[in-house]
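Right, one structure below, let's go through it.
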Amino acid sequence: MADYDVLFEPVRIGPKVAPNRFYQVPHCNGLGHLRPAALAAMRGIKAEGGWGVVCTEEVEIHPTSDLSPYVEGRLWDDADVPGLRLMTDAVHEHGSLAGIELTHAGLDSANDYSRLTPIGPRSEGVLGGGGYEPRQTRAMTKRDIADVRRWHRNAAVRAREAGFDIVYCYAAHGLTLPMQMLSRRHNDRTDDYGGSLVNRVRFLREIIEDTKDAVGDDCAVAVRLAVDELLGPEGITHDGEATEIVGLLAELPDLWDVNVSGWSNDSATSRFAPEGHQEPYIAFVKSLTTKPVVGVGRYTSPDSMVSAVRRGVLDLIGAARPSIADPHLPRKIREGRADRIRECIGCNICVATDPKSLPIRCTQNPTMGEEWRRGWHPERIEVRRSTADVMVVGGGPAGLEAARALGERGHRVRLLDARSRLGGRVDREALLPGLAAWRRVVDWRLGEIGRLDGVELYPASAMSADDVLQAGARDVVVATGALWRRDGRGRATGRSVDGYGLDGVCTPDDLLDDLVAGTWSLTGERVIVYDDDHYVMGGLLAELLARHGHQVVLVTPAPLASYWTQYTLEQELIEARLRALGVRVVPRVVLARIGIDTVVTESVLDGERAELARDHVVLVGDRAPVTTLYDDLTPALTDGRLDSLRLVGDADAPGLIAHAVFAGHLAAREFGADVDPDAVPFRRERFALP
Ligand code: ADP
Ligand code: SF4
Numbered sequence: 001m002a003d004y005d006v007l008f009e010p011v012r013i014g015p016k017v018a019p020n021r022f023y024q025v026p027h028c029n030g031l032g033h034l035r036p037a038a039l040a041a042m043r044g045i046k047a048e049g050g051w052g053v054v055c056t057e058e059v060e061i062h063p064t065s066d067l068s069p070y071v072e073g074r075l076w077d078d079a080d081v082p083g084l085r086l087m088t089d090a091v092h093e094h095g096s097l098a099g100i101e102l103t104h105a106g107l108d109s110a111n112d113y114s115r116l117t118p119i120g121p122r123s124e125g126v127l128g129g130g131g132y133e134p135r136q137t138r139a140m141t142k143r144d145i146a147d148v149r150r151w152h153r154n155a156a157v158r159a160r161e162a163g164f165d166i167v168y169c170y171a172a173h174g175l176t177l178p179m180q181m182l183s184r185r186h187n188d189r190t191d192d193y194g195g196s197l198v199n200r201v202r203f204l205r206e207i208i209e210d211t212k213d214a215v216g217d218d219c220a221v222a223v224r225l226a227v228d229e230l231l232g233p234e235g236i237t238h239d240g241e242a243t244e245i246v247g248l249l250a251e252l253p254d255l256w257d258v259n260v261s262g263w264s265n266d267s268a269t270s271r272f273a274p275e276g277h278q279e280p281y282i283a284f285v286k287s288l289t290t291k292p293v294v295g296v297g298r299y300t301s302p303d304s305m306v307s308a309v310r311r312g313v314l315d316l317i318g319a320a321r322p323s324i325a326d327p328h329l330p331r332k333i334r335e336g337r338a339d340r341i342r343e344c345i346g347c348n349i350c351v352a353t354d355p356k357s358l359p360i361r362c363t364q365n366p367t368m369g370e371e372w373r374r375g376w377h378p379e380r381i382e383v384r385r386s387t388a389d390v391m392v393v394g395g396g397p398a399g400l401e402a403a404r405a406l407g408e409r410g411h412r413v414r415l416l417d418a419r420s421r422l423g424g425r426v427d428r429e430a431l432l433p434g435l436a437a438w439r440r441v442v443d444w445r446l447g448e449i450g451r452l453d454g455v456e457l458y459p460a461s462a463m464s465a466d467d468v469l470q471a472g473a474r475d476v477v478v479a480t481g482a483l484w485r486r487d488g489r490g491r492a493t494g495r496s497v498d499g500y501g502l503d504g505v506c507t508p509d510d511l512l513d514d515l516v517a518g519t520w521s522l523t524g525e526r527v528i529v530y531d532d533d534h535y536v537m538g539g540l541l542a543e544l545l546a547r548h549g550h551q552v553v554l555v556t557p558a559p560l561a562s563y564w565t566q567y568t569l570e571q572e573l574i575e576a577r578l579r580a581l582g583v584r585v586v587p588r589v590v591l592a593r594i595g596i597d598t599v600v601t602e603s604v605l606d607g608e609r610a611e612l613a614r615d616h617v618v619l620v621g622d623r624a625p626v627t628t629l630y631d632d633l634t635p636a637l638t639d640g641r642l643d644s645l646r647l648v649g650d651a652d653a654p655g656l657i658a659h660a661v662f663a664g665h666l667a668a669r670e671f672g673a674d675v676d677p678d679a680v681p682f683r684r685e686r687f688a689l690p
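In terms of this note's numbering, the sequence shown opens at residue 1 and continues consecutively.
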């Protein structure tokens with residue numbers, strides 16, 4: 001692809017040369033030091049897929065930078081070198097460079113595992129751990145500063161020993177000592193590390209100089225700097241202190257990796273930020289240095305990448321999420337298959353497992369995190385074991401993924417759906433405010449299926465059990481989805497809401513029907529949204545209703561609106577948006593009763609009741625799996641008219657789109673295999689007992 005040639009130019013980074021401009025920036029993954037083989041396999045597949053540089057996540061350099069309970073990288077001593085070497089070997093096997101993000105987290109580490117005293121520029125409450133840990137840092141003494149410099153230097157030497165090509169000095173996301181020293185909000189020291197900007201830059205400068213001195217002839221030294229905290233004058237700004245910082249250090253590192261801070265701004269979801277959203281903040285950096293610059297912005301379009309290079313914004317296209325959704329993205333561009341990129345939808349389900357200390361996963365890429373333990377590859381799948389034809393009923397994310405992956409395996413597949421448009425819940429939910437990019441889940445699968453001769457699609461085909469059997473199907477995957485419960489039952493009380501059958505009470509499905517039809521059936525002004533689901537739906541409907549001019553109150557048993565979106569880094573943004581739209585949030589209450597024109601709420605804390613006026617109520621509770629077809633087909637499996645029958649996705653257990661895609665993929669992988677229900681279905685990493 002001549003147009004994209006520029007993306008495949010090598011880029012010199014200090015003593016190293018990156019083979020192209022595709023740069024997987026550091027990203028967390030929940031594998032880290034606990035699951036080094038899984039980590040190596042995941043990173044290796046990215047190198048295989050053409051990422052010219054593949055980096056670690058943040059890697060703790062010392063037990064005073066203990067990020068537990070989060071599972072990050074660890075390089076505390078020589079014993080940690082072999083685990084990391086697994087990754088560098090996997091990356092080098094494909095000719096890519098390996099980068100390591102050395103981290104002393106300062107006041108972001110509560111040291112809950114090591115039990116050592118946290119340290120920071122001053123004594124203040126630690127930011128890490130659960131976020132509100134009842135512990136403060138010790139204000140770093142001169143001796144502490146000398147210690148951290150030595151630990152960083154030692155870690156750099158060990159990183160070289162582990163085979164890394166690029167060693168980071170990390171001053172971004174507010175997560176590390178060098179950035180905390182830069183920050184006026186955390187650094188009020190009166191010694192030569194505080195006060196003037198030159199003083200506040202001193203520690204970062206020393207860390208860079210130490211690292212260059214220790215490994216600079218063998219390894220490139222990168223700086224990762226937050227050039228805007230999006231806090232206005234309270235924080236570092238791109239047109240304020242960041243310009244001065246880059247100016248002061250311009251030629252010192254071999255590479256500038258620049259972004260906005262904190263993590264929720266850097267990894268903004270597609271609901272809140274478009275592709276390339278960081279460009280206005282990072283564009284200035286190249287004008288101040290001759291060293292290569294890498295930055296991110298959820299780039300999935302090769303045209304946007306080429307444009308960022310040609311406009312002189314970036315030398316290297318940084319990516320975390322686009323490389324998670326499609327580890328083979330660069331290779332697809334190089335081979336003229338850019339239309340086959342599995343584009344990130346910007347949902348942050350990959351982020352959500354990091355705070356849970358669990359292996360990474362991805363809505364779009366069901367193989368992410370499963371490379372080692374299940375032996376899955378994002379671009380390769382085992383050839384079919386039999387010549388069986390498969391019928392898939394339901395064309396939502398689960399059914400589409402099952403049909404696609406079965407088709408890849410070589411099976412003939414018929415996929416049928418009652419609706420005239422395929423895509424199931426995603427086709428509908430993508431109409432909600434800000435979720436247009438979620439449609440990529442459907443678009444990519446339909447595109448892939450379109451290339452497979454053996455997969456036939458039959459929309460507008462509602463199927464009964466008789467229809468399935470008469471069509472001659474012998475192997476059936478049922479992916480018939482779920483519907484929101486009409487009675488508002490959710491986890492808070494475990495029972496229906498009194499009065500749910502009254503006029504004006506509806507479910508998310510009713511409002512989605514309206515969106516699909518381009519109509520709006522709610523005529524009254526005052527709407528109560530009752531959210532006992534806690535992911536995005538309740539908040540999204542409140543937003544939608546407010547945008548349609550309704551007066552909206554969101555009531556929820558949780559302490560916060562859209563509580564679970566804390567894990568996707570969206571909760572504060574959602575609540576701020578609801579406030580801006582005039583939505584009132586009433587937390588920690590259940591709906592005790594719905595009346596003709598009021599609802600009664602009950603506090604989950606003390607049972608206190610209150611009345612709210614209503615014209616409409618939207619009940620966002622549990623969903624009811626649609627299992628009629630599966631139930632009606634089950635006897636046919638027992639009496640031998642079917643060879644196999646499998647229920648997948650929301651029809652099996654309602655959940656995230658990511659759960660449905662994974663379930664569809666798993667069904668396809670396991671089709672025709674003898675799966676032992678008593679065996680653990682994946683490998684686990686075990687370490688020798690001391
Ligand atoms: P999932 O998330 O598990 O993929 P969805 O709810 O997105 O589930 O999709 C389920 C799809 O199944 C919907 O598009 C729905 O129209 C379709 N469906 C449900 N029952 C039948 C049926 N009996 N025959 C054909 N299609 C059905
Ligand atoms: Fe993108 Fe969502 Fe996958 Fe993360 S989980 S890489 S945001 S599609």
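Each residue gets a CB set at the ideal place from its N, CA and C atoms; glycine is no exception.
When you compare each of the options to residue i by their alpha carbons, which one comes out closest?
i    : options                : result
G295 : S301, E58, D266, L406  : D266
W51  : H328, G539, P63, E93   : H328
P134 : R143, S123, D144, T141 : S123
I438 : E60, L502, C347        : Looking at the sequence provided, one finds Trp at residue 438 rather than Ile. For W438, the nearest C-alpha among the options comes from C347.
L231 : V260, L252, L204       : V260
L252 : A688, H550, R202       : R202
L197 : Y170, I245, A222, V227 : I245
G44  : E572, L86, E9          : L86
K291 : E275, S270, V258       : V258
V54  : R224, G481, L591, H92  : H92
K332 : R526, W76, G49         : G49
G484 : R474, R526, M537       : Gly is not the amino acid found at residue 484; the sequence shown has Trp there. For W484, the nearest C-alpha among the options comes from M537.
Can you name, in chain order, every residue of its own chain whose Cβ lies under 7 Å from the Cβ of residue i, other than the five neighbours on each side?
i    : result
L469 : A636, R641
C506 : H616, V618
L540 : L432, P433
R149 : E206, I207, D210
G407 : V413, I449, L452, G454, V455
So, for residue i: in the same chain, excluding its five sequence neighbours on each side, which residues have a beta-carbon less than 6 Å away from its beta-carbon?
i    : result
Y113 : D66, S68
H665 : P366, E401, A405
R160 : V215, D218, C219
A460 : S420
A668 : A402, A405, L406
L182 : R200
Give the straight-line distance between the Cα atoms of residue i and residue j, rounded to the nearest whole angstrom.
i    : j    : result
M391 : M463 : 11 Å
E448 : R409 : 13 Å
A479 : L647 : 6 Å
D703 : S301 : Absent from the model: residue 703. The displayed extent of the chain is 1 to 690, so no value can be given.
P330 : W256 : 21 Å
M1   : A679 : The predicted position of M1 is uncertain, since its pLDDT is 47 and thus under 50; no value can be drawn from it.
V71  : R486 : 40 Å
A38  : C219 : 25 Å
G504 : Y530 : 13 Å
P690 : A79  : 13 Å
E670 : W444 : 22 Å
D674 : P681 : 12 Å
R495 : T56  : 47 Å
W151 : I61  : 7 Å
E371 : Y4   : 29 Å
L515 : L435 : 13 Å
Do the segment 410-424 and the segment 393-400 make contact, defined as three or more Cβ pairs closer than 8 Å? Touching, yes, given that three or more Cβ pairs across the two stretches are closer than 8 Å.
Count Cβ pairs between the segment 100-120 and the segment 190-204 that sit closer than 8 Å; are there 3 or more? Touching, no, given that fewer than three Cβ pairs across the two stretches are closer than 8 Å.
Check whether the segment 11-25 and the segment 300-320 are in contact - that is, three or more C-beta pairs closer than 8 Å. The count of Cβ pairs closer than 8 Å, one atom from the segment 11-25 and one from the segment 300-320, reaches three, so the stretches are in contact.
Could you tell me which whole beta strand (DSSP E) segments of length 3 or greater appear in the segment 474-519? For secondary structure counted as the beta strand (DSSP E) over 3 or more consecutive residues, the segment 474-519 holds these complete runs in sequence order: 475-478, 482-484.
Continuous alpha helix (DSSP H) assignments of at least 4 residues falling wholly in the segment 42-100: Those alpha helix (DSSP H) runs which fall completely within the segment 42-100 and span 4+ residues are 81-92.
Alpha helix (DSSP H) segments (min. 4 residues) lying fully within the segment 155-182: Segments of the alpha helix (DSSP H) lying fully in the segment 155-182: 177-182.
What alpha helix (DSSP H) runs, 4 residues minimum, are completely inside the segment 239-306? Correct list: 241-249, 263-266, 279-282.
Mind listing, in chain order, the continuous beta strand (DSSP E) runs of no fewer than 3 residues lying wholly within the segment 358-446? Within the segment 358-446, the complete beta strand (DSSP E) runs of at least 3 residues fall at 390-393, 413-416.
Quick check: the segment 356-376 against the segment 619-638, are there 3 or more CB pairs under 8 Å? Three or more beta-carbon pairs separated by less than 8 Å are not found between the segment 356-376 and the segment 619-638, which leaves the two stretches without contact.
Taking 8 Å as the threshold, find out whether the segment 542-562 comes into contact with the segment 579-593 through three or more Cβ pairs. Short answer: they touch.
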